[in-house]
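J.: Those protein sequence lines, which keep their order, are chains A and B.
Under the numbering used here, the first residue of the first sequence is numbered -12, with each subsequent residue one higher.
Under the numbering used here, the first residue of the second sequence is numbered -12, with each subsequent residue one higher.
Where a beta carbon is used, it is the ideal one built from N, C-alpha and C, also for glycine.
Protein chains: 2
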Amino acid sequence: MYRTKTCGELRASDVGQTETLAGWVQKNRRMGGMTFVDIRDRYGVTQLVFNQEINAPLCEKANKLGREYVIRVTGVVKERSNKNAHLPTGDIELIVSELTILNAAATPPFTVEDDTDGGDDLRMKYRYLDLRRNVVRSNLELRHKMTIEVRSYLDKQGFIEVETPVLISSTPEGARDFVVPSRMNPGQFYALPQSPQTFKQLLMVSGFDRYFQIVKCFRDEDLRADRQPEFTQIDCEMSFVEQDDVLNVFEGMSKHLFKTIRGIEIAEPFPRITWHEAMKYYGSDKPDIRFGMKLVELDDVLKGRGFPVFDNAGYIGGICVEGAADYTRKQLDVLTDFVKRPQIGAQGLVYARVEADGTVRSSVDKFYSQEVLQQMRATFAAQPGSLMLILSGQDATKTRKQLSELRLEMGNRQGLRNKNTFACLWVTDFPLFEWSEEDQRYYAMHHPFTSPKPEDIHLLDTDPGTVRANAYDMVINGVEVGGGSIRIHDSALQNKMFRLLGFTEEQAQAQFGFLMNAFTYGAPPHGGLAYGLDRWVSLFAGLDSIRDCIAFPKNNSGRDVMIDAPSVIEQSQLDELNLSITHVH
Amino acid sequence: MYRTKTCGELRASDVGQTETLAGWVQKNRRMGGMTFVDIRDRYGVTQLVFNQEINAPLCEKANKLGREYVIRVTGVVKERSNKNAHLPTGDIELIVSELTILNAAATPPFTVEDDTDGGDDLRMKYRYLDLRRNVVRSNLELRHKMTIEVRSYLDKQGFIEVETPVLISSTPEGARDFVVPSRMNPGQFYALPQSPQTFKQLLMVSGFDRYFQIVKCFRDEDLRADRQPEFTQIDCEMSFVEQDDVLNVFEGMSKHLFKTIRGIEIAEPFPRITWHEAMKYYGSDKPDIRFGMKLVELDDVLKGRGFPVFDNAGYIGGICVEGAADYTRKQLDVLTDFVKRPQIGAQGLVYARVEADGTVRSSVDKFYSQEVLQQMRATFAAQPGSLMLILSGQDATKTRKQLSELRLEMGNRQGLRNKNTFACLWVTDFPLFEWSEEDQRYYAMHHPFTSPKPEDIHLLDTDPGTVRANAYDMVINGVEVGGGSIRIHDSALQNKMFRLLGFTEEQAQAQFGFLMNAFTYGAPPHGGLAYGLDRWVSLFAGLDSIRDCIAFPKNNSGRDVMIDAPSVIEQSQLDELNLSITHVH
């Protein structure tokens, strides 16, 4: 028994008790003949007191304690004269009579404080010290709580968690697989799953009815800031359901999480908008609806008035920013630079303000009469004090995406994107296919198992680009936290999908034969979705990167710099696997 | 909305209601002008009734329903005249007025019944149909329930579930790693974890205090009947603990599982015996203590009496089987053959019976007087009607293991190993090292991070083979369901362990430098354990193989025969990974 209490537990009601604590030295300071040591563990911090006059050798031992030493102390709980209202243990201190050093500590390479002096690289190399910081550990505590609540909710709804295999087969469709050479089957490879998609569908064929799994998935992609080669999904599937059934169950789960994790009760149903509406009004399939500022189309108002940029555009649109009419010329120049950045790619920015008297003053006054400008103002329904920002371009989709970026930027500037405000919605009716100009073929927008809407099936042969899918995403604050679809459960339709996606009969059979075969033995209608756990935790924790809610993340080169993985392996391991390394750049 | 109720839900109280069900056709039979269809889903079976006289076309449609067709039906709930007490829905039937075929089904390759006609290979190839069988699915439901209860218990005890990485580094110590080539780091490989051992210890260094994780682990071993290349552990670690603290917490968890999953209240503490006692009294480090039949040493009684086999033996020992004195000569020959099998390797079997009058009759009567045989009987404390079975050999450990096998065999024959009786114990004080004759070196019996008992540390230099570890296993019914240890938390001692295990300073640094480094920054005393989830579920489900509690298991060649993994990958994938296949046998 190393301790009788944790470092976060003692209160005024414990005064007079003898207790033993164990933990890390957070601070050590001398004042007069006294030494005060803060001892820390996961549960809190307690002040220890050593008195030079009462026990000089013990006090001298305490004076030598360095930061992060691991100690055990026994003493009597005393009420503090100087109470600290910021600490749950702030009413008491421990008058130490015994001190054992359990382990010494070298001086850590950065301070173990919420506001540390350690840079990113250093903190990643010494991640085990970084994880001692309350701000980092609390993200992982939140993550734990979320998975507990997810499981609790789904279990109550009759879902069964089933573990699907990690060592599976490689499928070239989709992102790149990580592969695992098989020693027992020379020349053959397993692949790590990008998702348990086919297995969860097989479980529906097996009659499992309601399945879920919190599961690691893998993608060998060139990493962007917010991607990890291994990531965690809340993966779910249900049988005998239509789209509304899935949406209702998982809207319920989301509300449960908001309530239990963030203490937020959401009474109203989540708004549901179609993908077409999302693109039209927000220029994005994952709109942030914490604020309005919807995209407004201005072709009818602004075309054919002699301003060549607009007259020649395929699309003119804008947003109206309330209360931003006082933006200075300099601020507007910054916005113009913002939209002209290569990542956004607009040609320029037109702006117009509504003055206090209702007059509109724009950057294109010489082309437009006040009458036309007032028509524009009416289209925006812009109030005095508003700033209208207008972009144009050949391609409506591209220009809408530029407006979407501008909209988010203005949301930030106007303080409309508070991390503690949450706005959820469903985006539905995604297109079934995406056309790739580069490859001159269709790709599945979601994945090849997504069902087209029954009323659009007749378009598969004639106009596949217009076919809508029974697919949906859940979006919170502009982040796609999850997505899914109703699946195809008919082997003939599944076969047709594979052909439309350019699979030969043989390829489809080789890669997905087991699934299509399974469908011939009585597949129920089914559908589901998957949430990105890392993203959702980040959102609830108010983090900018998913990395801080992962205990041991990898960097942008896919390296774990703490353990130095990946690394070279021994020649004997390669030999056993019948592999050789061809060349290394 | 595909259904208003599941197929296991309707009761007499629902009579008169109109309800819609969806599921699979289990059975279809005609009687008189009626057709009776059993419709099945995960929740149960409901009898559907179609009447030729009332709706002939509907009844004919029903007549054509094949086994495993997926259907939806609507009808009125009616009380059955012929109730079926074996079915929860046996009081009612549904008089169908609407029938929709949601999906047809080819005739399954084996019957989807508890008692199927499908062989192992066929069931594995069509695992999605095998999983429809109640007996298989119920194992996975049990597995789900167990993980829910494990998490619930540990969460209440303050444990945090933390996900550790799957893509880590290869360490040659231990079993063989599966490796994953890194495309972004050419020539380098990740390894899949054999356990999250080092990461959970780092989490203790990070102050997480109480960690757990239900996690996939991987071992590239030649597979035995009860091994899978990927398996699941309940992995746990605690800080500021001694061995008793760990044992108490996890004994509590085990009792919680027995109570919630099997409805068994275990009031008494689990027995705790040392490894030395286990070997001495059971010849096994995982004794089945559902029955006694302890090993008895007979050297003092039987040596030096002129029976050359025993006189020359290094060890003589036996077991006493109550009520087995009536074993026939033929049965005893079978036992003799059993112990002489190469897997067991005894030279022969000596037996002796205690007759009703107390006389002992043995197979070695010509060497031993009745007086000596009575001495032996007293050593066994054998009652009339008992059979004593005796083995001898040069090596005590080997002979004890042979006796252990014989003991288990006799336990089976005497009906003492009931699958619904459970006997748990802790085996403690394992040796720290195992000597390998082949490699002429010591290996860690548990793993290199296990702490020696403080009182044995002085023996590390002089007599490492006798050093006992703070290591423990939890054994249920002769199955090692979990094991763990108190860890080394001192970098100097850890370094010493690596040297005793034959690591050079450089090798230790290269492979475990991050851990030893972490220990210098204030590592707390810590320890933990890991349970084999697959084994524990098998035990609770009364299965002979772990395979039946895994949704999609692999066969003994590490293949998933359903999806046909592993498989060849494309040359372009190999090229991207800078790999070539050297040769394939």
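1. Specify, as a first and last residue, the run of the beta strand (DSSP E) that S472/A falls within.
2. With H243/B as the anchor, note down where its alpha helix (DSSP H) starts and where it stops.
3. Taking all protein chains shown into account, decide if A433/B is buried (16 or more other Cβ within 10 angstroms of its Cβ) or exposed.
4. Roughly how many whole angstroms lie between the Cα atoms of E217/B and L179/B?
5. List the residues of chain B that R(-10)/A touches, going by C-beta distances under 7 Å, in chain order.
6. With a threshold of 8 Å between beta carbons, is W11/A in contact with chain B?
7. Which value, in whole angstroms, describes the spacing of the CA atoms of T94/B and P511/A?
8. So Y302/A is in the beta strand (DSSP E); what residue range does that whole segment cover?
9. Return the chain-ordered list of same chain residues with a C-beta closer than 7 Å to the C-beta of V288/B, the five sequence neighbours on each side being excluded.
10. List, in chain order, every chain A residue whose beta-carbon is nearer than 7 Å to that of I556/B.
11. Report all residues from its chain with a CB closer than 6 Å to the CB of L189/A; omit the five preceding and five following residues, and keep chain order.
12. According to DSSP, which residues form a beta bridge with V63/A?
13. With C-beta atoms as the reference, is Q230/B less than 8 Å away from A517/B?
14. What residue range does the alpha helix (DSSP H) around H131/A cover?
15. In angstroms with no decimal places, state the Cα-to-Cα distance between D443/A and E264/A.
16. Are three or more beta carbon pairs between the region 460 to 479 of chain A and the region 493 to 509 of chain A nearer than 8 Å?
17. Output the boundary residues of the beta strand (DSSP E) element that contains R328/A.
18. Could you tell me the distance, in whole angstroms, from the CA atom of D531/A to the CA atom of V153/A?
19. Give the secondary structure of I537/B by DSSP, where H, G and I count as helix, E and B as strand, and everything else as coil.
20. M484/A touches chain B at which residues, Cβ-Cβ below 8 Å?
21. Return the bridge partner residues of A418/A from the DSSP annotation.
22. Please confirm if the region 383 to 400 of chain B is in contact with the region 271 to 281 of chain B, defined as three or more CB-CB distances below 8 Å between the two stretches.
23. Is there at least one Cβ from chain B nearer than 8 Å to P435/A's Cβ?
24. Residue range of the alpha helix (DSSP H) that D117/B falls in?
25. Against chain B, does K203/A count as a neighbour if the rule is that its beta carbon must be under 8 Å from one of theirs?
26. Any beta-carbon of chain A closer than 8 Å to the one on V466/B?
27. Can you list, in chain order, the residues of its chain whose CB lies under 6 Å from that of T151/B, leaving out five sequence neighbours each side?
28. Suppose you measure from the CA of I463/A to the CA of R404/A; what does that come to, to the nearest Å?
29. Which residues in the same chain have their Cβ closer than 8 Å to the Cβ of G53/A, if we skip the five residues on either side of it in sequence?
30. Taking the alpha carbon of K203/B as the point to measure from, which residue in G519/B, S525/B, C536/B, Y177/B has its own alpha carbon closest?
31. Quick check on R138/A: buried or exposed, where buried means 16 or more other Cβ atoms within 10 Å of its Cβ?
32. Does DSSP put A311/B in a helix, a strand or coil?
33. Determine the direct distance from the alpha carbon of Q200/B to that of A72/A, and round the result to whole angstroms.
34. What would DSSP say about K203/A, mapped onto helix, strand or coil?
35. Is S525/A close to chain B, meaning its C-beta is less than 8 Å from at least one C-beta of that chain?
36. If T87/A sits next to R59/A, beta carbons under 8 Å apart, how far is it from one beta carbon to the other, in whole angstroms?
T.: Once the coordinates are examined:
1. 466 to 473
2. H243/B -> alpha helix (DSSP H) spans 230 to 249.
3. Ala is not the amino acid found at residue 433/B; the sequence shown has His there. Buried, because 16 or more other Cβ atoms sit within 10 Å of the Cβ of H433/B.
4. If I take the Cα positions, the gap works out to 10 Å.
5. The contacting residues are F227.
6. yes
7. Counting only the Cα atoms, P511/A lies some 16 Å from T94/B.
8. 302 to 308
9. V359, Q362, M363, T366
10. S157, V166, F176
11. Close CB contacts of L189/A within its chain, under the 6 Å cut and outside five residues either way in sequence, are with A505 (chain order).
12. Assignment of beta-bridge partners to V63/A by DSSP yields T5/A, I82/A.
13. no
14. 121 to 143
15. 18 Å
16. yes
17. Premise fails: R328/A is in no beta strand (DSSP E) and is neither H nor E.
18. Looking at the two C-alpha atoms, the distance is approximately 30 Å.
19. coil
20. Near M484/A there are no residues of chain B at all, since even the closest Cβ is about 17 Å away, more than 8 Å.
21. A small correction: the amino acid at residue 418/A is Pro; Ala does not occupy that position in the sequence shown. Answer is R455/A, bridged to P418/A.
22. yes
23. no
24. 114 to 117
25. The beta-carbon of K203/A is placed less than 8 Å from the nearest beta-carbon of chain B.
26. no
27. Contacts found: P183, F186.
28. 12 Å
29. V12, N15, A91, A92, T94
30. G519/B
31. With at least 16 other beta carbons inside 10 angstroms of its own, R138/A counts as buried.
32. coil
33. 36 Å
34. It is a strand residue.
35. no
36. 4 Å
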